[in-house]
Each structure stands twice: as C-alpha cells, then as structure tokens.
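Residue numbers (our numbering): 1 to 495. The structure appears below as structure tokens.
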C-alpha cells in the first residue's frame with residue numbers, strides 16, 4: 001500500500017474515533033453510525049486491493065463492522081460502556097494496521113531536459129534499489145522561448161537506456177497522488193529561455209503530494225553569495241510550494257536561510273551531479289563517434305561557454321571564441337572541444353539575433369563540415385558532458401556547473417577572467433587566468449605544451465573544500481533523508 005493511502009486510512013480511523021467520543025451523547029445517532037459504517041466499508045474495500053492480504057486487520061475491521069450493524073438495529077445498545085468497548089477495538093485496529101500493512105513509497109521524477117538528468121540520476125538509482133518503493137521517471141514537455149513563437153519540446157527519447165521512461169500522457173497525477181515528487185526546475189512561468197508545461201508548475205504539483213523536492217539542475221557556485229543576493233530561485237513565489245531543497249554545501253544553506261527560506265526546508269547534502277562525475281572518473285568512458293581519433297595523443301582543451309555567453313558582450317565573446325578556436329595553430333599537438341550550453345542558440349535568438357547567422361555558419365559550415373576550416377575542433381552538442389570533462393587536460397571556462405564538476409579531476413583550469421572574486425571558496429592560486437597580463441592565455445598554451453603546471457599542488461583536494469559528499473554517495477544520502485522525512489516527519493533529520 002502506498003504511504004499516502006495508508007495515511008488516509010489512518011486519518012479515517014481517527015475520524016471514526018472522534019465520532020465515537022460523542023456517539024453515546026447524541027439524541028439522533030443515525031447519521032453518525034452510518035458515517036462510521038461507511039468509513040469501515042471504505043477501508044475494507046481498499047484492503048481488498050492489497051497483493052498481500054492483511055488478514056488480522058480485516059478480521060478486526062469485521063468485528064468493528066458488527067458493532068455498527070448492531071447499533072443500527074437498536075439505538076438503545078449505544079451507551080457509554082458499549083462505545084468504550086468499540087473505541088478500544090478501533091484503537092487496536094489502528095495498531096494492527098500500522099504493523100501489518102506495509103507501506104510503499106510512490107515516487108516520481110519529473111525531469112525536463114535530458115542533459116540535466118544527471119542532477120537526479122543517482123537519487124533515482126537509490127530509489128530504484130529500494131524494494132519498498134515504486135518509481136516512475138516522467139520526462140515532461142517544455143517550451144523554448146526563443147522569440148515570437150514558443151516551441152514545445154519533449155526529450156523523453158534522449159534519456160539513458162537504463163532509465164525506464166513513462167510517457168507523460170500515461171502518468172496521471174490525480175490518480176497517482178505520489179508520496180514524493182523530485183524536480184530540478186521550479187521556475188514555473190518565471191524562466192526566460194525555457195518554461196516547463198504549465199501542468200508541471202510547482203503550483204499544480206503541490207496539489208498532489210506532501211513532499212515536493214527541488215534538486216537544482218546545476219551545481220551551485222563556489223563563489224559565496226553576497227548579502228541579499230538570491231540563489232536557487234529563492235526569490236520566486238514557487239519556493240513556497242517546495243517542501244525540501246537540496247543544496248551543495250552548508251554555506252548555501254546558511255545563505256538560503258538568511259534570504260528567508262525556512263531552515264527546515266534546506267538540506268546541505270551536496271549535488272547528485274557530482275556523483276555522475278565521480279562515477280565517470282572511476283570508469284572507462286565511451287567517447288562519441290569520431291572523437292577518439294582526434295584526441296589520441298593530443299592535449300585536449302575544453303572550452304565551456306554558458307547559455308548567455310553571446311548575450312552579455314557579444315563582440316568580446318566572438319573575439320574570445322575565435323582566439324580559443326585557434327589554439328591548435330599555436331600548439332600543433334592540441335585539439336579543442338567546444339561545448340556550448342544546450343540553450344545557446346535559443347539565447348542568441350532571444351537576446352542577440354544579429355549573431356544567429358554567425359553562430360549557425362560557424363557551427364554548421366566551419367566546424368561540423370568535413371570541408372570546414374577548423375580541423376582540430378570538436379563541437380560537443382551531446383546531452384552527456386562527462387566524456388568531454390574526462391578527455392580534457394585543460395578546461396577554459398567561467399563559473400558554471402562544468403567547472404564545478406571539473407574540480408574533482410584536479411586538472412588545469414584557465415578561468416575566463418582576471419582573477420576570482422574575494423568571496424570564492426576556491427583559492428585564487430588554484431586557477432590560471434585568461435586575462436592575466438603577466439601570464440596571458442596564449443603564453444599559457446605555449447607553456448602547457450612543455451609540461452608547465454606550477455599550480456598543480458594547489459588543486460589537490462580542492463572539491464572537498466567546497467562541496468559535501470563528493471565520494472559518489474550524495475544521491476543515496478538525499479534519497480534516504482527524504483524517505484526518512486516522509487516516513488517519520490516528526491523525527492529530527494539532517495537540517
């Protein structure tokens with residue numbers, strides 16, 4: 001029996017107990033007795049559906065049913081003594097049901113983009129291993145907000161083969177009434193580039209569950225929020241619909257509480273995305289077709305550009321991109337993997353439409369095409385970023401989820417700025433800097449070709465200074481903590 005169903009039955013039993021408190025005092029007890037009898041019949045009907053028939057519970061219910069039948073035949077049997085005897089039977093019923101009827105958790109995951117599934121995958125794996133849990137993964141449709149016309153997108157066919165997918169039209173929230181819902185997007189109608197279908201707004205999801213859990217689709221920044229600076233959608237009204245928020249470290253938990261999020265909502269357990277990176281580092285990775293031939297024996301530079309890369313300062317961005325794509329001209333034994341954010345094209349169409357032709361020509365004509373001018377460039381538009389991170393010897397990036405995952409590799413980073421801000425948990429001497437006038441990026445490329453890396457020692461153990469549970473156990477710990485919160489809501493867990 002699903003937990004929510006069991007709770008409803010227990011609530012129904014409590015209602016019967018409340019009626020029994022006043023039953024012998026009523027002048028006209030007919031309606032009350034009929035209501036109690038209807039409650040008993042409803043419980044019996046539900047128990048008949050159980051795969052493992054709860055014999056003791058049913059027998060106790062039947063004996064209670066006999067009492068109400070007798071009361072209906074003769075109201076004079078309703079007195080303080082008989083009601084006390086019946087109350088004892090109902091109290092015993094409650095204990096028998098709690099013990100005999102085992103609860104299952106009905107859990108659903110509502111991801112929207114396949115490339116963001118890694119933020120939920122290790123939690124899903126933990127739930128799937130639980131024999132007292134029924135799990136559904138329901139990729140939900142979303143809109144790309146690229147201009148005048150919103151485009152509806154569904155990516156359910158792009159998820160890993162080992163994830164059993166339920167088509168969203170085959171999953172009925174009203175019928176399922178899940179005990180736990182996991183989501184990685186709570187922006188509802190407040191997002192500017194993508195928007196999940198309105199049926200999956202938190203305002204609607206909360207109607208059907210008592211535990212709506214938000215796990216951000218990104219790894220939170222190692223740059224501490226300044227006073228009053230909101231993180232993880234804290235400023236949105238949708239945060240009120242969420243029961244639990246998983247954050248990457250204690251610093252973010254403290255910041256969330258300072259920003260007004262109730263402390264019981266925020267749990268600092270790390271990011272399940274880090275689990276995916278840990279797994280990747282431990283195992284061999286399957287590279288996309290054509291990669292291995294290009295990267296074998298080469299120094300691999302991975303360029304990571306965010307979805308707003310071309311929106312903030314488009315002309316500077318084009319110059320920076322052009323320079324980096326020419327690294328192989330300075331180092332003949334190198335190759336560049338460029339991984340633009342999956343929403344880059346949508347962002348360009350919305351904010352800098354004048355660059356749309358440039359971007360399409362660059363990616364389609366000059367990089368992807370075999371006749372293109374960039375022979376040592378790999379354009380990575382796959383849903384899985386882990387092969388690129390595993391292949392890279394040097395990451396060129398500003399702050400973002402890929403950089404935060406890359407910290408676990410302890411490999412070289414060229415940060416796309418002059419330095420890190422003062423409120424960074426990562427020490428400034430862990431990275432090289434693109435705009436460092438004393439040692440600019442092009443000089444670094446030449447030096448790296450000769451084995452230069454004096455900052456290697458500063459990157460040792462750096463991820464553990466920033467994030468909780470970086471040993472691959474985050475998803476399991478998140479699942480167990482949420483399960484505990486649902487099964488034992490009054491107990492004190494991790495806060």
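Backbone N, C-alpha and C define an ideal beta-carbon position, used for all residues, glycine too.
Task: Pairwise C-alpha distance: residue 17 and residue 99 - done: 19 Å
Open item on the list: So within the segment 254-330, which uninterrupted alpha helix (DSSP H) runs reach at least 4 residues, ignoring any that extend past its ends?
Closed with: 272-282, 291-295, 309-312, 314-325 and 327-330
Task: Residue interval of the beta strand (DSSP E) (run including residue 143) - done: 142-145
TODO: Mind reading off the beta-carbon distance from residue 515 to residue 223? Whole number of angstroms is fine, and I expect it under 8 Å.
DONE: The requested residue 515 is not part of the displayed model; the chain covers only 1 to 495.
Task: Residue span of the alpha helix (DSSP H) that contains residue 16, given as start and end - done: 3-23
TODO: Check each candidate in 22, 237 and 10 and name the one with the smallest Cα separation from residue 80.
DONE: 22
- [ ] Under the assumption that residue 244 contacts residue 482 (Cβ atoms under 8 Å), give the Cβ distance between them as a whole number of angstroms.
- [x] 6 Å
Open item on the list: For residue 310, would you say it is in contact with chain B, using Cβ-to-Cβ distances shorter than 7 Å as the test?
Closed with: In the displayed structure, chain B is absent; only one protein chain is listed.
Open item on the list: Can you confirm whether the segment 447-461 touches the segment 255-275 when touching is taken to mean that 3 or more C-beta pairs between the two stretches lie within less than 8 Å?
Closed with: no
Open item on the list: Just to confirm the assignment, what range does the alpha helix (DSSP H) spanning residue 68 have?
Closed with: 55-73
Task: From 277, 50, 316 and 467, residue whose alpha carbon lies closest to that of residue 104 - done: 50
- [ ] Please determine, among 206, 116 and 64, the residue with the shortest C-alpha to C-alpha distance to residue 219.
- [x] 116
Task: Burial state of residue 131, where buried means 16 or more other Cβ atoms lie within 10 Å - done: exposed
TODO: Could you tell me which residues DSSP puts in a beta bridge with residue 244?
DONE: 213
Task: Of the residues 34, 192 and 157, the one placed nearest residue 150, counting alpha carbons only - done: 192
TODO: Could you have a look at residue 438 and say whether DSSP puts it in helix, strand or coil?
DONE: coil
Task: Euclidean distance between Cα positions of residue 242 and residue 211 - done: 8 Å
TODO: Measure from the alpha carbon of residue 176 to the alpha carbon of each residue in 209, 165, 167 and 155, then state which is nearest.
DONE: 209
TODO: Please state if the CB of residue 248 and the CB of residue 302 are separated by a distance shorter than 7 Å.
DONE: no
TODO: Could you tell me if residue 1 is buried or exposed, where buried requires 16 or more neighbouring beta carbons within 10 angstroms of its beta carbon?
DONE: buried
Task: Whole-number beta carbon distance between residue 168 and residue 140, since they are thought to touch under 8 Å - done: 5 Å
- [ ] Could you have a look at residue 94 and say whether DSSP puts it in helix, strand or coil?
- [x] helix
Open item on the list: If contacts are defined as beta-carbon pairs under 8 Å, then residue 391 and residue 287 qualify, I think. What distance do you get, rounded to the angstrom?
Closed with: 7 Å
Task: Assigned secondary structure, residue 466 (DSSP; H/G/I helix, E/B strand, else coil) - done: coil
Open item on the list: Once DSSP output is grouped into helix, strand and coil, what is the label at residue 85?
Closed with: helix
Task: residue 59 versus residue 216 - alpha carbon distance - done: 48 Å
Open item on the list: My output table needs one value for residue 424: the three-state DSSP class, helix, strand or coil.
Closed with: strand
- [ ] Keeping to the same chain, check which residues put their C-beta closer than 6 Å to that of residue 475; ignore five residues upstream and five downstream.
- [x] 122, 123, 126, 272 and 275
Open item on the list: Going by C-alpha to C-alpha distance, which of 396, 426, 411 and 407 sits closest to residue 417?
Closed with: 396
Task: 6 Å CB neighbourhood of residue 174 in its chain, flanking five on each side removed - done: none
TODO: Could you tell me the distance, in whole angstroms, from the CA atom of residue 199 to the CA atom of residue 110?
DONE: 11 Å
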